[in-house]
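To start, the structure under review is shown below, and the notes come after it.
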Amino acid sequence: MAKGSFFSLFRKNKNDDAKSSADTAVQEQESQAQPEQQPEQQPEPQPELEAEQPLPEEPSMAEVAAPDAAEICAQVTAESRADAAPQVEETQSKPSLWKRLTAGLRKTSSAIGDGLWGIFKDKKIDDELFEDLETQLLTADIGVPTTLKIVEQLTEQASRKQLQDASALYELLQQNMTDILTPVAQPLTIPAEQKGPFVILMVGVNGVGKTTTIGKLAQQFKREGKSVMLAAGDTFRAAAVEQLQVWGQRNDIPVVAQHTGADSASVIFDAVEAAKARGVDVLIADTAGRLQNKAHLMDELKKVVRVMRKLDDTAPHEVMLTLDAGTGQNAISQAKLFTEAVGVSGITLTKLDGTAKGGVIFAIADQFNIPIRYIGVGEGIDDLRPFVAKEFVGALFQRELSETETS
């Protein structure tokens, strides 16, 4: 076919009609061949999977049985496609990342930003305005204590400054909400003088996205040049172990795992021991999801911490609680009980892109003063973002700010 195409082009000055028909035939046959080759020529994920297989000396640490690997192959491919985009966007401009943040917070922005702008726009400052403000904040899952605090503070400011213009009060509201979040906007940092592995213990209830968060964190740490190891401590769910092993295979990260139903504390003990022996920089340990109101399950978590400290009395160096923003005010009770059980030192708030209840972040910050390390605003690796208070509030009010500028 290539020869036919070549001679058609060669004779184009002699016979234009022959050229046209030959070129058309080439294009038709090339388009017919294209779909057959497409599945084997994925742009990014497939080469990564082939290039980043576990090292030969690690088979016991990241072992996946053949049937299990086959079952989850399609799932891995789907995740790989989602992850490939953020890897490309890493080199893109900041406005692109900003647009992704505002898009991820669109539902919460509708509940907070849009609703609040409707209250303040072209309104006079009176009791009715503050009542409407209180209702809107409660609707956005900011919670009663934090809502009352915001309204009382704004009322006092309006009186003290003798404000008449509701738009000025609107700007004060944004600043007050930023002030609530600023003290807890503390990124997770690994001390340069850290001796031995920096151990992160992931805790939370079922379904909040712990295992996925672990995989994203592991890849981000590896990008920073750190060596990483994973511990599959969620031994109650075979799928959780398999998912973690797949993350390890894709990113050439060793995974310490045992059979389903094994003692979680034993798995994590082995992982800490292995990480120390190999000089690993970061060890991220998964744990089984547990209901915060089940005392015996919380006791098992305490056991994991005790076992860790037999090898390193400073471990875990971070107890990261993963919360699903979609649970709204239920996240408050989760934060309370996990903090009482194991002393939570950092929070990751996931699934903000799928809910209008993201206002719960203000209640969490106000009531617990626990550092918020990351927020999840999408499926990609880079959609797990370090939490920045001013950026977050700006994204919530972005649409309204644009509207005021054009009005």
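According to this note's numbering, numbering within the sequence shown proceeds without interruption in unit steps and concludes at 398.
Glycine included, C-beta positions come from ideal geometry on N, C-alpha and C.
Where residue i sits in the DSSP three-state scheme
i, result
"F359", "helix"
"F189", "strand"
"A276", "strand"
"A222", "strand"
"L88", "helix"
"G270", "coil"
"K348", "coil"
"L154", "coil"
"E370", "coil"
"E184", "coil"
"K201", "helix"
"K115", "strand"
"T99", "helix"
"E309", "strand"
"A24", "Because A24 carries a pLDDT of 40, less than 50, the predicted location of this residue cannot be relied on, and the following value inherits that uncertainty. A24 falls in the helix class under three-state DSSP."
"S398", "Note that S398 has pLDDT 41, beneath the 50 cutoff, so the model's placement of it is unreliable and the number below is only indicative. Of the three classes helix, strand and coil, the one that applies to S398 here is coil, per DSSP."
"L314", "strand"
"V194", "strand"
Minimum C-alpha distance to residue i - residue among the options
i, options, result
"Q210", "G349, A131, L274 and Q155", "L274"
"L375", "V384, Q234, V194 and L343", "L343"
"N167", "L145, A159 and D156", "L145"
"L292", "D254, D156 and R364", "D254"
"G198", "G239, A231, D156 and G216", "A231"
"V271", "T278, E125, D304 and A222", "A222"
"L302", "A265, M311, H287 and W238", "A265"
"P178", "Q389, G369 and Y365", "Y365"
Run of the alpha helix (DSSP H) containing residue i, from where it starts to where it stops
i, result
"I141", "V135 to R151"
"L164", "A157 to L172"
"R399", "Because the chain is modelled from -8 through 398, residue 399 falls outside the range shown and cannot be assessed."
"G337", "Segment G337 to T341 is the beta strand (DSSP E) holding G337; no alpha helix (DSSP H) there."
"E233", "A229 to R241"
"E331", "N321 to V333"
Buried or exposed (CB count within 10 angstroms, at least 16 for buried), residue i
i, result
"T180", "exposed"
"S150", "exposed"
"M220", "buried"
"S100", "buried"
"H250", "exposed"
"V384", "buried"
"E382", "buried"
"Q236", "buried"
"N242", "buried"
"E233", "buried"
"F188", "The amino acid occupying residue 188 in the given sequence is Pro; Phe does not appear at that position. Flag for P188 reads buried."
"K152", "exposed"
"Q240", "buried"
"V135", "exposed"
"D373", "buried"
"G252", "exposed"
"A380", "buried"
"T456", "Examination of residue 456 is not possible in this model, given that the chain is present from -8 through 398 alone."
Proximity below 8 Å, CB of residue i to CB of residue j
i, j, result
"L340", "G367", "yes"
"I259", "M289", "no"
"P377", "I338", "no"
"A354", "T137", "yes"
"V96", "L328", "The sequence given here places Leu at residue 96; Val does not occur at that position. Their beta carbons are not under 8 Å apart, which means L96 does not touch L328 by this criterion."
"I116", "Q127", "no"
"A131", "A102", "yes"
"E309", "I191", "yes"
"N196", "R281", "As written in the sequence, residue 196 is Val, which differs from the Asn given in the question. Yes. Within cutoff."
"A262", "A279", "no"
"T202", "D225", "yes"
"L107", "L164", "yes"
Span of the beta strand (DSSP E), counted from its first residue to its last, around residue i
i, result
"R281", "Looking at the DSSP string, R281 is not in any beta strand (DSSP E), and its letter there is neither H nor E."
"L375", "L375 to P377"
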